[in-house]
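In case it helps, numbering that gives the first Met the number 0 puts the sequence shown at residues 0 to 284.
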Amino acid sequence: MKHPEIQYSFITAAFNCIDLTRSFLKSLQQTVCLSPETFEIILIDDCSSEPINSLLDEFPSLPIVFIRNRENLGFGASNNRGARKARGTFLFLLNNDLNLLPGWFEPMTEALEAPETGAVGNIQINPATNLMDHAGVAFDLEGTPFHARKNRRRKPDNGSYEWPAVTAACMGIRRELFLEMGGFDPIYRNGAEDIDLCLRLKQAGYRNIVCNQSVIYHHVSSSPGRHEFNAHNVAILMERWHEQGKEIGRRIWASEYVKRYARHWWKFSPSKLAIALFRLCMVRS
0 MKHPEIQYSF ITAAFNCIDL TRSFLKSLQQ TVCLSPETFE IILIDDCSSE PINSLLDEFP
60 SLPIVFIRNR ENLGFGASNN RGARKARGTF LFLLNNDLNL LPGWFEPMTE ALEAPETGAV
120 GNIQINPATN LMDHAGVAFD LEGTPFHARK NRRRKPDNGS YEWPAVTAAC MGIRRELFLE
180 MGGFDPIYRN GAEDIDLCLR LKQAGYRNIV CNQSVIYHHV SSSPGRHEFN AHNVAILMER
240 WHEQGKEIGR RIWASEYVKR YARHWWKFSP SKLAIALFRL CMVRS
């Protein structure tokens, strides 16, 4: 009798934060209704001091493949290691500080079926504020990336939107494509590697999609040392993608800037607002 092939590999790298990881695994167990033979969870312990491996005993029914790094490799390198180990057709790269909600999984898998799809993301809510943290990644006029619709209360309409990039806090991608693109560039450390990958996918002709019907909670930047290498990461990203980012910003920044602060008008920069309104008027004229 032929056994079902593994279709989905859920990859999670954890550096300490065992309580968050436990909660994440519980939400994954509750929201993904698949036969155990058709998926795997690759849990990577990124050289934690906390006993991450004890979680295997707490979730005996989950098909968890456990990997422990001998040294702390960071987000990108850990996920690359998990992707090489994975057997699924589709990879889901998931932070260990997520709380997955019912209905998050199916819209993303549907979007991944299209051959032109690169990376797939979703709507992410910050549970501390109950406001959106991510609905896609946009760029400003200087070519600097930012999370679209951040701190907005109203979620976008149903359907899927194409964005220049999506965050890898919750990202779906075909395993073959991820490996073909070389995965995350290890030159980045805990930041910007997802934007770099998405821009390479876009450059290769793929579309990066956000599924607005897929909604999750994200305890933003919970891992220790999350922002330690921000300046390093931004410098590399800007060196590589500055001109492409500026071109994207010229097309989409004005609309996103107005939407971002429409609820909190006092946060507008008068000069930026004037530029944004001028650019919007020029587009409509």
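For each residue, glycine too, the CB sits at the ideal point set by N, CA and C. Owing to the predicted nature of the structure, the values given are computational and were not obtained by experimental measurement.
Cβ of residue i within 8 Å of Cβ of residue j?
i    : j    : result
F9   : F91  : yes
A118 : C210 : no
R86  : R262 : no
I5   : E49  : no
N68  : I51  : no
A113 : A134 : no
F183 : N78  : yes
Q212 : N157 : yes
F14  : D45  : yes
A110 : S159 : yes
A203 : W162 : no
R239 : D195 : yes
W103 : N125 : no
Measure the C-alpha to C-alpha separation of residue i and residue j and round it to an integer number of angstroms.
i    : j    : result
L93  : L178 : 17 Å
I11  : I215 : First, the amino acid is wrong: residue 11 is Thr here, not Ile. Those two C-alpha atoms are separated by around 16 Å.
H218 : L61  : 23 Å
F228 : V257 : 30 Å
N285 : T116 : The requested residue 285 is not part of the displayed model; the chain covers only 0 to 284.
M281 : A234 : 32 Å
G171 : W265 : 37 Å
I63  : T20  : 13 Å
Q243 : P155 : 26 Å
P106 : L33  : 15 Å
I41  : Q123 : 22 Å
Q29  : S47  : 26 Å
For residue i, report the span of its alpha helix (DSSP H) as first-last.
i    : result
V64  : Per DSSP, V64 belongs to no alpha helix (DSSP H); it is in the beta strand (DSSP E), 63–67.
Y260 : 229–260
Q202 : 192–202
L176 : 174–179
D346 : There is no way to answer for residue 346, as the model of the chain reaches only from 0 to 284.
L33  : That residue, L33, is in no alpha helix (DSSP H); it is neither H nor E in DSSP.
E105 : 104–111
N71  : Segment: none, N71 is in no alpha helix (DSSP H) and carries neither H nor E.
Which residue marks the beginning of the beta strand (DSSP E) containing residue i, and which one marks its end?
i    : result
T30  : Here T30 belongs to no beta strand (DSSP E); instead the alpha helix (DSSP H) covers 17–30.
F91  : 89–93
L100 : Looking at the DSSP string, L100 is not in any beta strand (DSSP E), and its letter there is neither H nor E.
F38  : 38–44
N207 : 206–217
D132 : 130–133
W162 : 159–162
Report all residues from its chain with a CB closer than 8 Å to the CB of residue i; omit the five preceding and five following residues, and keep chain order.
i    : result
R174 : S8, A82, A85, G87, T88, F89, L90
S26  : L97, N98, L99, L100
P269 : none
M237 : G142, T143, G244
Within its chain, find whatever has a CB closer than 7 Å to the CB of residue i; leave out the 5 residues flanking it on each side and keep chain order.
i    : result
N232 : Y187, R188, G190, A191
R199 : M180
F267 : Y260
Output yes if chain C places a C-beta closer than 8 Å to the C-beta of residue i; else output no.
i   : result
E39 : Among the protein chains of the structure shown there is no chain C, as only one such chain exists.
Checklist entry - Would you say the region 262–277 touches the region 163–170, given that touching needs at least three Cβ pairs under 8 Å? => result no
Next on the checklist: Does the structure place the region 241–251 close enough to the region 134–144 that three or more beta carbon pairs sit under 8 Å?
Outcome noted: Touching, yes.
Checklist entry - Taking three-plus beta-carbon pairs below 8 Å as touching, is the region 125–141 in contact with the region 57–73? => result no
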